[in-house]
Amino acid sequence: VPQLDHDVTAFKSALVFSLTAPGIPFYYYGSEQEFAGGNDPQNREIMWNSFNTGSDIYKMTAAVNKARKAHSIWSHNLEERYVLDNVYAFSRGDFFVGLTNGGSVNVQPNAPWANGTVVCNIFYPTQDCQTIQNGKLNLVLNNGEAKIFIPKNSAYFEDPARSLNEFVTFINFSINKISGLRGFGVL
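The opening position of the sequence shown corresponds to residue 659 in this note's numbering, with each subsequent residue numbered one higher.
Shown next as structure tokens:
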């Protein structure tokens with residue numbers, strides 16, 4: 659794994675920051691494959707012989723990119739929500755990022771959502787959800803981890819199969835409507 663004292667959690671946190679901060683994300687070749695790098699010739703491991711879509715960092719990257727797209731974060735300015743030496747939290751629209759550079763923290767940054775909004779961590783959407791109270795998010799980060807919270811009703815959490823079924827139902831309804839109009843001489 660790339661050189662952060664071989665700390666995968668800290669490396670993932672750095673990647674989350676890179677993918678969610680303003681600007682073009684900087685992502686080194688092979689990062690999502692957890693390549694270790696090293697001296698020549700190991701400095702450029704071969705990716706295409708065994709591209710692993712099951713690696714932890716690959717799945718994390720896919721989740722972050724899907725959430726970025728669902729929330730169009732590039733169209734929102736970064737708003738700092740909590741800043742200390744060991745924790746940094748910001749939002750871009752209704753997309754909230756919490757990061758720590760090590761250790762564990764439990765802080766309550768200002769939330770970008772209204773009271774009563776249910777938000778979930780994209781990495782553990784069934785286990786790490788909460789309801790916003792008093793304008794605060796209860797942010798617990800352990801051992802250098804990163805979290806991204808978005809509203810539970812976000813399109814990000816939609817079941818693609820359900821969306822497809824709704825689309826097919828809509829198309830069938832539209833076809834039936836059009837077919838029915840033919841009988842009235844409209845079409």
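Idealized CB from N, CA, C, for every residue including glycine.
Because the structure is a prediction, the values reported are computed rather than measured.
Apart from the five residues just before and just after residue i, which ones in its own chain have a Cβ nearer than 7 Å to its Cβ?
i	result
N800	S762
F728	Contrary to the premise, residue 728 reads as Ala rather than Phe in this sequence. Hits under 7 Å: S812, A813 and Y814.
V798	N764
P783	F815
If you draw a straight line from the C-alpha of residue i to the C-alpha of residue j, how long is it?
i	j	result
S812	C787	13 Å
T775	R726	19 Å
K724	Q785	19 Å
G696	V741	34 Å
G679	I808	Residue identity differs from the one stated: residue 679 is Ala in this sequence, not Gly. Looking at the two C-alpha atoms, the distance is approximately 16 Å.
I731	G681	11 Å
I806	K794	15 Å
D698	W706	18 Å
F709	N796	37 Å
E816	N701	39 Å
G712	F753	25 Å
Short of 6 Å in beta carbon distance, which residues of its chain neighbour residue i, apart from the five on each side in sequence? Order them along the chain.
i	result
C778	C787 and K810
P683	S676 and L677
S749	E737, R739 and P770
H734	R750 and G751
The alpha helix (DSSP H) spanning residue i covers which residue range?
i	result
K727	D714 to H729
Under the assumption that residue i contacts residue j (Cβ atoms under 8 Å), give the Cβ distance between them as a whole number of angstroms.
i	j	result
A804	I790	Contact flag wrong, Cβ pair sits at about 20 Å.
F781	A721	6 Å
Starting from residue i, trace the beta strand (DSSP E) both ways and give me its first and last residue.
i	result
S676	Counting along the chain, S676 falls outside any beta strand (DSSP E), though it belongs to the alpha helix (DSSP H) covering V666 to T678.
F748	V745 to R750
A813	Neither: A813 is in no beta strand (DSSP E) and is coded neither H nor E.
Y740	E737 to V741
N863	The chain is shown only over 659 to 845; residue 863 falls outside these bounds and no answer can be derived.
N764	V763 to V765
L795	Note, L795: premise wrong, no beta strand (DSSP E); not H, not E.
G756	F753 to T758
T711	No beta strand (DSSP E) holds T711; DSSP gives it neither H nor E.
With a threshold of 7 Å, establish whether the CB of residue i neighbours any heavy atom of the ligand ATP.
i	result
E816	Summarising the ligand content, the structure contains no ligands, and the ligand ATP is consequently not present.
Give every residue of the same chain whose Cβ lies closer than 8 Å to the Cβ of residue i, excluding the five residues on either side of it in the sequence, and list them in chain order.
i	result
G802	D665, T667, A668, S671, T758, N759, G760 and G761
N792	N773
E703	G688, Q691, F693, A694 and G695
For the stretch 756-769 against the stretch 667-683, are there 3 or more C-beta pairs whose distance is under 8 Å? yes
Examine the Cβ distances between the stretch 680-691 and the stretch 704-718 and report whether three or more of them are shorter than 8 Å. yes
Just checking, does the stretch 765-772 make contact with the stretch 743-750 on the three C-beta pairs under 8 Å criterion? Yes: the two stretches touch, three or more of their Cβ pairs being nearer than 8 Å.
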